[in-house]
Amino acid sequence: MSLILTDFGFNLSSTEYIARNCQSKDKINKHIGAVFQIKILLIFLCVIFLYFLVNDQLQQFKIEFFFYSCIAIIGQTFQSLWFFQGVEKMKRITLFLTISKFSYVILTFVIVKKPEQGRFVILAYALSQVIGALLSQYYMRKEGYKYTPANLSSMLGVLRTSALFFWSRLAVSTYTTASTLVVGAAGHVQAGYYAASEQLYKAGQNITTPVSQALYPYMTRAKNWALFFKMMSILTVVMITASLTAIWLSQWLIALIFGPEYIVSQNVFIVFMLALIVTFVSTNFGYPVFSALGKVKVANYTVIFGALTHVVILGVLFCLGEISAYNVVRAVLFTEIVILILRMFFFVKLYRREVK
Numbered sequence: 231m232s233l234i235l236t237d238f239g240f241n242l243s244s245t246e247y248i249a250r251n252c253q254s255k256d257k258i259n260k261h262i263g264a265v266f267q268i269k270i271l272l273i274f275l276c277v278i279f280l281y282f283l284v285n286d287q288l289q290q291f292k293i294e295f296f297f298y299s300c301i302a303i304i305g306q307t308f309q310s311l312w313f314f315q316g317v318e319k320m321k322r323i324t325l326f327l328t329i330s331k332f333s334y335v336i337l338t339f340v341i342v343k344k345p346e347q348g349r350f351v352i353l354a355y356a357l358s359q360v361i362g363a364l365l366s367q368y369y370m371r372k373e374g375y376k377y378t379p380a381n382l383s384s385m386l387g388v389l390r391t392s393a394l395f396f397w398s399r400l401a402v403s404t405y406t407t408a409s410t411l412v413v414g415a416a417g418h419v420q421a422g423y424y425a426a427s428e429q430l431y432k433a434g435q436n437i438t439t440p441v442s443q444a445l446y447p448y449m450t451r452a453k454n455w456a457l458f459f460k461m462m463s464i465l466t467v468v469m470i471t472a473s474l475t476a477i478w479l480s481q482w483l484i485a486l487i488f489g490p491e492y493i494v495s496q497n498v499f500i501v502f503m504l505a506l507i508v509t510f511v512s513t514n515f516g517y518p519v520f521s522a523l524g525k526v527k528v529a530n531y532t533v534i535f536g537a538l539t540h541v542v543i544l545g546v547l548f549c550l551g552e553i554s555a556y557n558v559v560r561a562v563l564f565t566e567i568v569i570l571i572l573r574m575f576f577f578v579k580l581y582r583r584e585v586k
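Take 231 as the starting number for the sequence shown in this note's numbering and just add one per residue.
Okay, here's the thing in C-alpha cells:
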C-alpha cells in the first residue's frame, strides 16, 4: 500500500511525460524535481500512517519494525523506474533491480544468525531497497539528468496530472486484493487452490510486463503503428500458444510445483491461463496505444470501470453464497474481458480518427 501511495501514479504519468519531452533535458530535470519533492511529502504521510498503525505497541522489536519499514519505504520511493522507462533505458532498471534483489539475499544471510532474529529480514530488505535507490540516482546522473527544484505551481500541476493514474493503480490493487479476501470466505481449502493458481498467473504477468513497459514510452514518442501491430500479432500468437500448452500440461505443472493434492484446482488454473491471454492483449492495448493517441486517460478510466465491475460481481457472489475459487477466477476473467472490450472499442474509434 505504501508503494502505491508514494508512487502516486508517477510510474505511468512520468513515463509518458519524459517520453514526450525527451528532447528537452531542462523540462525533464524540472519534472524530476517536482516528482521528488512530492514523493518526500508522500513519505511523511506513509510514516505517519505506519506510526499510528504500531503506536500502541512501540516497544522492543516493534520500534525496530517501524524504523526498518521507514527505511524500506524511502528506498522504494526513490527507485526511479519511471525515469528509465521514459528515456527507454530498460537495461538500467534490470541492472539496479537485480543488484538490489541479490544484495537482499546476501544481507539476509549476513545479518540473520538465529531464528528469533526474523525481524532483521526486514532490515536486510530495507537496506537492499536503499542500495537500489542509490544506484537508481547514480545511473540517472550518469545519463546526464539531475534534480532541479520545482515551485509549488509545478508540483501541483504534476500532482493533478498523476492523480488519475494513482486512482487507476489503486483500483487494480483493490480488486486484486478483494478477490483474495473474498475467496478466503469460502475456507482455507478454496483459498489455497485460488492462491496457488494465482501465483502462476502472476508469474506469467511478470514475464510479459516488460513488453508493455518498453512499448509505452516508445509508442508515446515514435507512434510507430506498423511495428506495434506486427509485434502484437507475433507476441499474441506466442502468448496463446504458451497458455494453451500450460493448460494441456496443467495437471503435471500443478503436481510438480504445488503437489498432487492441488490437481483438483485444475479448473481454476485453466481459467487463469485464459485470463493471462486476455490481460496480455488488454495491457498492450492500454497505456502504449492511448498515450500514442494522446488519450491516455481512457486507459485509466477502463481500469477503474473494470475494478468497479469486479467488486459488484464479487458482492453478488457473496450475497448469493456462491463464493468459491472457481467462481472468483471466472469473475477475474470476465473483468479482464470487459476491460479489453472497452479498450478495443475506444482504440478503434480513436485510431480511425487519427488515420483520417
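Virtual Cβ for every residue (Gly too), placed ideally from N, Cα, C.
A quick note: this is a predicted structure, and the numbers were derived from the prediction, not measured.
Taking one beta carbon from each stretch, the stretch 235-250 and the stretch 299-317 have 3 or more pairs nearer than 8 Å; the two touch. Taking 8 Å as the cut-off, the Cβ atoms of Met-462 and Asn-514 count as close. Note that the stretch 327-335 does not touch the stretch 385-392; fewer than 3 beta-carbon pairs, one per stretch, sit closer than 8 Å. Counting only the Cα atoms, Gly-551 lies some 11 Å from Val-413.
Taking a cut-off of 8 Å on C-beta distances, the stretch 425-439 does not touch the stretch 272-283, as fewer than three cross pairs fall below it. Under the three-state reduction of DSSP, Asn-557 is assigned to helix. Here DSSP, grouped into helix, strand and coil, assigns Ala-426 to helix. Note on geometry: alpha-carbon atoms of Arg-560 and Pro-518 lie some 27 Å from one another. Going by DSSP, Ala-485 is part of the alpha helix (DSSP H) stretching over 480-488.
At a Cβ-Cβ threshold of 8 Å, Leu-523 and Leu-572 do not count as neighbours. Contact check for Gly-263 against Ala-416 fails: the beta carbons are separated by 8 Å or more. Going by DSSP, Thr-338 is part of the alpha helix (DSSP H) stretching over 320-341. Close CB contacts of Val-541 within its chain, under the 7 Å cut and outside five residues either way in sequence, are with Tyr-405 and Ala-408 (chain order).
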